[in-house]
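A.B. asks:
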Amino acid sequence: MLAFHPAITLAAFLLAWASTVVPAWVAAKRKLRDKPASLLRAFHVHDFGWL
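All residue numbers for the sequence shown refer to this note's numbering, where the first residue is 241 and numbers rise by one.
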């Protein structure tokens with residue numbers, strides 16, 4: 241019979257979160273260190289055609 245294990249479920253969610261958020265955070269920190277304004281230009285209002 242299958243059972244729900246809260247500790248294993250929490251560990252799985254934390255691992256999934258860490259494997260998604262940490263690499264993106266590291267890449268953003270590296271990009272900000274190289275060119276501080278490059279991330280701001282990526283989200284410029286005029287880049288979106290519908291605005």
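Virtual Cβ for every residue (Gly too), placed ideally from N, Cα, C.
1) Looking at the unbroken alpha helix (DSSP H) that takes in Lys-271, where does it start and where does it end?
2) How many angstroms separate the CA atom of Lys-275 from the CA atom of Thr-260?
3) How many Å lie between Leu-272 and Phe-253 at the Cα?
C.D. replies: This is what the structure holds:
1) 246-274
2) 23 Å
3) 28 Å
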